[in-house]
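*Asks:* Before I ask anything, here is the structure I am working with.
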């Protein structure tokens, strides 16, 4: 069974994204029925796809401790492998840590194929500790136990005078649970181990070089692969680039250097769009900021009750408080082209005392703590995976005093007002986590790769700043940075024909963009949404989907849920099969 998203104000986005994936999953498909092997023994799955369980050492540094079975999924090319046009598998990763590659291919594999072309098999996998890959990384023994932990975990370090300290204390509990229950697995899910899995997947296809497209944390996986295996780099794209130097040093503060600028850019776009397109229009971005902050201050002092009792059998409710609204604002920064209008209409309604739109955005998902089948395995989401990977990769000492942690938090707060939401999930655990990944980074981020790498960064990415793409590119000889002049997380948040064509040219011909190339978005943040009938009719049945044009695929990817899941803001549900 699963525990549904709860606690976090952004949980509705995660729930919606997950629901889309489950809508096209064949619930009768049982991954455990696939015999694991070291040679990718494919079997039909989900109607039109191929699945395999790929056996690898649990720890490459000590194969004697056991094995892992990596869940791999493929949308095969319609070209024969003997066709000169066939270029092999293109491995894709949606980010995380904790993002499911299985879900990525199920929900958006056809769109990625339209962008990449028919010459690739579109392949992905659930990384260690995620989804259908085994062994699982479950910190909690039951749904009730997970609920007890997460209900008390602060989503905002500034909720109360004790919230910051409580985040540190809760992190101590999580670290102790990991040692007591899943230490072997937790020390086996690090990024270098997953990068080695990626090399072995490519070799199982008979390929010496890995073709790869990684988003967000997937960029960190890609950079790690390039550092460890520079001679095995094929057509290689990293998008929404993480500064790998900071990651392995345990420094997450620099993720926030563009966050507040991203918010300002949305307000600036509102001013430029005018009152006909932007519901919270004012004559300057400062006035818009004051308007939104006024609502935030109001619900901080006097939260509002949002209740939808239209259906007595399914009454929904939410407390609209500062943390709820601030969380929605942070989520807006990830995908403003998709979410800005709804958020602005929600703010406008709140000014009139109407909480309906905000309730639609946040929902009131209740934790399912009474499984219909108690024998089903329990999966508590990706919070544990995120913790084990991020903190386990770090070369920094996990023992930090309260004063050291507070100084780190204050430094983050000096960079961004959103540090209050960022810190509990992304930094608090560093104070107490001491399970280090057994397979360590063995390589350098200053290297000459066998194929030049394409890096993509947005002008205003809230969590993977453009500066990180340039920083990493400086170490990869011959690489190029494509700047997408948009706001949001990864290029998919404002995906456009220009970026899609650069990707196509690189994947097909290894043509890199000229230095200084900038792709402009096809529409503004506040532009009316496209109403393509073919997109609206896009089937949830993978086998029944009609091919889309490049323009339609670009629009669909820009509206996809990939970006909202790529760096989850909190725990999210995972489906498991008995």
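Residue numbers (our numbering): 5 to 582. Note that CB positions come from ideal geometry on N, CA and C, so glycine has one too.
1. Is the beta carbon of residue 498 less than 9 angstroms from the beta carbon of residue 562?
2. Touching or not, the stretch 250-263 and the stretch 466-482, by the rule of three or more beta carbon pairs under 8 angstroms?
3. With distances taken Cα to Cα, identify the nearest neighbour of residue 528 among 269, 334, 110.
4. Whole beta strand (DSSP E) runs in the stretch 73-104 with 3 or more residues, listed along the chain?
5. Going by beta-carbon coordinates alone, are residue 40 and residue 443 separated by less than 9 angstroms?
6. Within 10 Å of its beta-carbon, does residue 68 have 16 or more other beta-carbons around it, so buried, or fewer, so exposed?
7. Between which residues of its own chain and residue 245 is the CB-CB distance below 6 angstroms, once the five residues before and five after are set aside?
8. Roughly how many whole angstroms lie between the Cα atoms of residue 566 and residue 115?
9. Closest by CA to residue 509, which one among 300, 87, 121?
10. Is it true that the CB of residue 72 sits closer than 9 angstroms to the CB of residue 132?
11. How long is the line joining the alpha carbons of residue 100 and residue 306, rounded to whole angstroms?
12. Give the DSSP-derived three-state secondary structure of residue 6 in the structure shown.
13. To test your reading of the DSSP string, which unbroken beta strand (DSSP E) runs of 3 or more residues are found completely within the stretch 101-156?
14. Give me the Cβ distance between residue 189 and residue 141, rounded to the nearest whole Å; I'm assuming they're in contact under 8 angstroms.
15. DSSP three-state label for residue 286, please.
16. In three-state DSSP terms, what is residue 12?
17. Contact between the stretch 283-290 and the stretch 340-350: three or more CB pairs below 8 angstroms?
18. Just the Cα atoms here: how many angstroms apart are residue 136 and residue 58?
19. Measuring only the C-alpha atoms, how far is residue 579 from residue 53?
20. In the stretch 436-505, which residue ranges form an unbroken alpha helix (DSSP H) of at least 4 residues, counting only runs that do not cross its ends?
21. Is the stretch 443-454 touching the stretch 404-414, taking contact as three or more C-beta pairs under 8 angstroms?
22. Residue 307 by DSSP, collapsed to three states: which one?
23. Which residues bound the beta strand (DSSP E) around residue 211?
24. Which same chain residues end up closer than 7 angstroms to residue 233 when comparing Cβ atoms and leaving out the 5 residues on each side of it in sequence?
25. When the Cβ atoms of the stretch 147-160 are set against those of the stretch 390-404, are three or more pairs found closer than 8 angstroms?
*Replies:* Looking at the coordinates:
1. yes
2. Judged by Cβ distances under 8 angstroms, the stretch 250-263 makes contact with the stretch 466-482, as three or more pairs qualify.
3. 269
4. 92-97
5. no
6. exposed
7. 223, 459, 461, 468, 472, 473, 476
8. 12 angstroms
9. Taking residue 509 as reference, the option from 300, 87, 121 with the minimal CA-CA separation is 121.
10. Yes. Within cutoff.
11. 35 angstroms
12. Bear in mind that the predicted position of residue 6 carries a pLDDT of just 38, short of 50, making it too unreliable to give a figure here.
13. 124-130
14. 5 angstroms
15. coil
16. Bear in mind that the predicted position of residue 12 carries a pLDDT of just 31, short of 50, making it too unreliable to give a figure here.
17. yes
18. 11 angstroms
19. No answer about residue 579 holds up, because its pLDDT of 28 lies below 50 and its placement is not dependable.
20. Listed in chain order, the alpha helix (DSSP H) elements of length 4 or more contained wholly in the stretch 436-505 are 470-477.
21. The stretch 443-454 is not in contact with the stretch 404-414.
22. coil
23. Residue 211 -> no beta strand (DSSP E), and no H or E assigned at all.
24. 203
25. no
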